[in-house]
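Residue 1 is where the sequence shown starts when you use full-length UniProt numbering, and the numbers rise one by one after that. Glycine residues also receive a C-beta, built at the ideal position from the N, C-alpha and C atoms.
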Amino acid sequence: MPCGSSSNCCGKNEDCCGGKKVAEQAESTDSECCGENCQCCGFDRPEMRAMKKLAGQAYVIYGSHTTWPSDANTMDDKLKEMVDTLRKPLPKNFPVVVAEGIPGEDQEGDMLLFPMGLRIPAGSDLTKLEVKKTKDLAEVSHPDAVPLPAKSRHIFVCAHGNRDKRCGRCGPELAECIEKLQDSRTHVRKCSHIGGHKFAGNLIVYDLKFSDPGDWYGYVTPSNLNKILKHSERKAFTSGIYQSHWRGRTGMSKDECINYASYQRQHHRINIAIGGVALTATLAALAAFVFKVVMVLTKLMQQGRFGGDENSRIVANRADVQQPPLKRRKTITSNVGTESSGRVFYSGLPAVGKSPFENFDDFVTPDRKPGSGMQCVFWEGRAQSSRGLQTVLKEFKNIDWKVNLKPWDRKVAGDAQYCAELADEIYHNLFKFDASYLSLADGMLDPKITPRMRAMLVDWLVEVLLKWRITDEALHLCISLLDRFLSNSDSPIEVAKLQLVGVCCAMIASKLQNPFSPEIESLMRICDGAYEVCEIEQMEHVILRTLDYRLDLPTAWTYLARWCQVFGLRKHYREIAAYLLDLTLLEYEALKYRPAVLALACTWVVVRMKRDRKKHRVAGATLEEENVLEDLGISSKERKPIAAICICRDVLKRGEEVGCQKKMAIVSEMFIPLLLNSAVYKEPYNSDLGVPGGELMFSYATLAGTLGVYLMTAILKTFLMPFYHSTDFDVHRNWLAVTYSLPISQWYRDGPWAPSKWTLDYPPIFAYFEEALANVGAIVAYWTGNDDLWQMLDPQAQEIPAPTSVVTFQRLTVIISDLALIPGVLLLCPPSGLFTPMKTLRYLGLLYMLAMPALLLIDHVHFQYNGMLLGVYFSAIGLMQRGKVLSGAVVFTLLVLSKHIFAYAAPAIGVWLLCNYCMVPAPYQRSVVSKRVFSFHRFFQLVGAVLGTTCLVLMPIIYYGELQPMLNRMFPFGRGLTHAYWAPNLWALYYGVDVVLAKLKGLPGSALTHGLVQVADPTVLLPVRPIHALLITVAVYLPVLTGIIRESGRPHGSQRSLLFWATMGTSAAFMCGWHVHEKALVTVVAPLMLEIILKRDLHGSSRYLTSVACLSTVMMASLLPLLPDTLPELGLKWTLMLLSWSIDDCVASMAEDGGRLHRVVVAVTAAACVLHQWVLPAALPSMAFAPLMFMSVYCAAGVTLSLLACYWFSTDHLVPVDEIKED
């Protein structure tokens, strides 16, 4: 007889019944065995999930497993009668099984009902059994039923040996192993046939702690028993049980069990993959860090930074490692004594005599001379006169000229024209000469010659010299000669002679720097015959004598090439720096600065315009490093070249003074939009800033400061943990359980798998976030053994009040998620450059957002994750404002797919991107405000990024057919126009007017004042439907969109920011949207307040500051009803409100009136809060909704007026449009 799951045991294979050979045969109702290999009941058995869908199980305590016949229910008449009576009211898929009782706990005749967890004592009248049938499970009740312990776990092991020998052998052994565990909450009982004997041992586990309907496990052995029991407790890292041992769950059909197991296995594999990727990335980062450290240490050792004598190390390095000589050195040694060798040698070094080898000291830098302390092989050979010239040259060839070169010179050490060996010494001498520069701005001009006249002359000279095809060096030399002559002239220059002076300076400069100089007749024609030849010659002589023939002095252009080399600027960036330097020629204020400092300022602007942080560092040198500036000849007092750059910004804004810059026409048409959109022109000049930090460069100081602010606020937030939490806490707790325990196909659907009323109604990204938090909670519960955290992840146990550990865990997740505010605030800081906000403002902005009283009340008391979402929102806006539009668009798309309320800002952001990103300057436009054309390339890039991100996120939702249920959850139009507590928007005013009119007309009370979430129509006014709210929202939104279009293309300083427009769009949707919550107002106030803190150019907008402060004050008052009126919460909400009003007063105090108007608003709002809190409840006890209605209407009026004022006065700080004219 073959072995397996046949009706008779074979007796040939010990494994078929779990032990020794069994000779006797027993009855079995299972299918025939597959063959002698017995794979059907081994590891390679068929699919286990073949159980039928059950509504529950009933267990009758009766007898012992050793005495049960094949059909245990017919053991005797008494048992049969009990079973028959019990089966009558129960549904057909509610089986009755016989079980062996636990001594001292069960009595014979007791009945246990699962998954209800009830015990019906023996002798009870079973006819009183009541059954309530549901879709999947049956709810059974009895008047005498006693609930089993709430956190107990009941395990039933099939030990029906007279039915099947496999269970008869495996079942008792498993029960004994479970009893040895001595778990106080585990109760194990042996039961009769439950089906699937081929999977012996078989367990059914009911864990009342998780309201478990019953999990069925097969092929359980003593070796895997512990793992299976941990799986039943929802322990982490046990998902493999679904593949090999989990048979199904009570209430699920076969197909549902298969899908659920498949989902859990896939979920487990994804977690393993994510963990593997994270581990690999961590190891790779660690390896890269170690490699970087080793490389740095090796480089420092090669440079002689560690131990020993520097000279000896350099000599040893040259002796051990043969450095490749420079190309020109090879040419010298290969053609010694030839004419060609001399020419090549002279091409890279200054001429010192007839022979290139007569005096080596003249063309070797001072630090390589014998007196400099550097003992190299060459100078040792030089001292030994007995050596021949060939020997000296061979050693000279091996000299490493790069050792003592600066990093920026080392890159061009092979360029003979650059002469890197002498460049450092040459520019040091020039810097010393430049240090003696005297400001030409003091008393330079005659009172009749104004700075504007000088600017017009310089602009005219640029056009003249452009016709002469003069070099840039000659142009700057011409302006330098002009300024020095006007400053040193003994007698005032007449205005009529000013053009003559300019022409003569241009002629002198062209003679010095240009290959040819113009004829005097040409000068006369340019001046339209205003001057004679003799006048031109005479003025030339006067200029030469006045300047004492010191003509070819270094100018700012001379130093510009050096600074571009130092900072590693490429060709197109050098053109931008040259363009900025040309613009400074027009400005009289630029004469206050040394030419070297002026060139440094223009170069540094271009450096800060670079988007990649790596490009800010060239060979390890940055402007902040003092030793670099000291070496380059810039003193500590001159490291504030901000005012010079402010001149460039002012020139770009005053287009009428720039004139037609034909010289830089190509550069201007390419880079004026870049300059106007650059970070350096977004903020006004503040002389106290010095040279600021980088463009969001996370230095250790910045990181330490931000983390310090975060930790300080985190400690504050921990003291808010014991306070009240709203139903939103239970909502998020249920979302944790749903996303952890259920497949995606059941997240947005109602069913017995998630009986809680707090359904998931957020987009999928936030659901994934909740799933991640649930996995973290599972890991914490696994390592700490906290049973309460496991209960948190059970959808069936959400009606149980949350224990302290669950509250603490969820509170900590909100505190940790606030870390997202750090990059958001830093990205919103006006990008660096020379107008970066002071670090104090940066930290103040971060401190405000992390400790914003409204967010403390909403997130850390009431419970939500608005701080994290606002951080992502700020990051998206900051990336877009910094030019990383595609990255910002992807982040914003992810944000909308996390919480759809941020879609309020989507139209404003979309129109802003179309007008500012997809519109590019038209070619060959020479004016400051150039015409623009639409770029379809950018448009399709933007659309592709947004649609690609959306499709990628929604792909699992669409695959499981959850898109429509998700949309129904996200947009519940059946909830009515307003929430239970009216949000302070247009509809609060509308409903308030309706209630007043109804009272005046003596009409009955409206359902609007019942405080319920429902659709209710006004009593007097017209009803409002979703389509009406949509049309009104669009109408209110249109001024925002038209404002964006109208201001697009203007230079910075004459248009409002993207953050402002996005906030205005959000406020429009808030004021007119359908079923808006009062908490959504924080997405309007927080950005406006943060922008005021970070942007100093808003500090002078008095009316705008007052409007935003009043809006924040009213917003905080509207949040007052969120907390109950118990004593601790009452004190907390008034404390937070007073703190918020104090912050608002600090903002309003920067206004011209010193904040007096805002203080009036605070006084009126405080009186309204007192009326709401104490006066109205006592005066109108029969009208319970009157205090809430009063607060809603008052705050709605205040919010409406404040938002209108914010929009109207937001242009106060802008440069008037009429100041920006085209050529």
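Beta-bridge pairing of residue i - partner residues as DSSP gives them
i       : result
Val1043 : This sequence places Gly at residue 1043; Val is not what is there. Answer is none; Gly1043 lacks a bridge partner.
Gln57   : Phe114
Asp215  : Val205, Arg249
Gly751  : Ala754
Cβ-Cβ distance between residue i and residue j below 8 Å
i       : j       : result
Ser745  : Pro795  : no
His1158 : Ala1109 : yes
Pro803  : Asp788  : yes
Thr603  : Trp563  : yes
Cys191  : Val98   : yes
Val806  : Met792  : yes
Ser817  : Met868  : yes
Asp1144 : Ser1112 : yes
Ser1140 : Pro984  : no
Leu1090 : Cys1206 : no
Gly1155 : Ala1166 : no
Leu870  : Thr1083 : yes
Arg249  : Asp215  : yes
Val911  : Ile1045 : yes
Between the CA atoms of residue j and residue i - distance to the nearest angstrom
i            : j       : result
residue 1269 : Val1170 : Because the chain in this structure spans residues 1 to 1223, residue 1269 falls outside the shown range and cannot be described.
Pro743       : Glu100  : 36 Å
Leu129       : Arg169  : 36 Å
Pro89        : Ala988  : 54 Å
Thr67        : Ile270  : 48 Å
Leu819       : Ser211  : 35 Å
Ile449       : Gly944  : 58 Å
His900       : Pro764  : 10 Å
Arg1103      : Asn916  : 28 Å
Thr1135      : Leu736  : 32 Å
Asp424       : Ala599  : 17 Å
Val458       : Asp472  : 14 Å
residue 1289 : Ser1067 : Shown here, the chain extends from 1 to 1223; a query on residue 1289 therefore has no answer.
residue 1241 : Arg1050 : The question about residue 1241 has no answer, for the chain in this structure spans 1 to 1223.
Ala288       : Ala281  : 10 Å
Ile470       : Ser510  : 7 Å
Leu997       : Ser1107 : 31 Å
Residue burial classification, residue i (beta-carbon count within 10 angstroms, cutoff 16)
i       : result
Ala1069 : buried
Leu1203 : buried
Arg305  : Reliability of the predicted coordinates at Arg305 is poor, the pLDDT of 47 falling under 50, and the value obtained from them is presented with this limitation in mind. Its Cβ having fewer than 16 others within 10 Å, Arg305 is exposed.
His428  : exposed
Gly785  : exposed
Thr1019 : buried
Val896  : buried
Pro907  : buried
Cys534  : exposed
Glu521  : exposed
Leu850  : buried
Whole-angstrom C-beta distance between residue j and residue i, which should lie under 8 Å
i            : j       : result
His193       : Gly218  : Contact doesn't hold; Cβ gap of about 14 Å is too wide.
Met116       : Val60   : The pair is not a contact, with the Cβ atoms about 15 Å apart (cut-off 8 Å).
Val861       : Tyr724  : 7 Å
Met1116      : Met1137 : 5 Å
Tyr588       : Pro492  : At roughly 17 Å, the Cβ-Cβ gap does not stay under 8 Å, so Tyr588 and Pro492 are not in contact.
Ala455       : Leu586  : 4 Å
Arg163       : Ala200  : Not a contact, Cβ separation roughly 11 Å.
Ala138       : Ala55   : 4 Å
Leu430       : Pro515  : About 24 Å separates the two Cβ atoms, so there is no contact after all.
residue 1229 : Gly502  : Because residue 1229 is not part of the residues shown, which for the chain are 1 to 1223, the question remains open.
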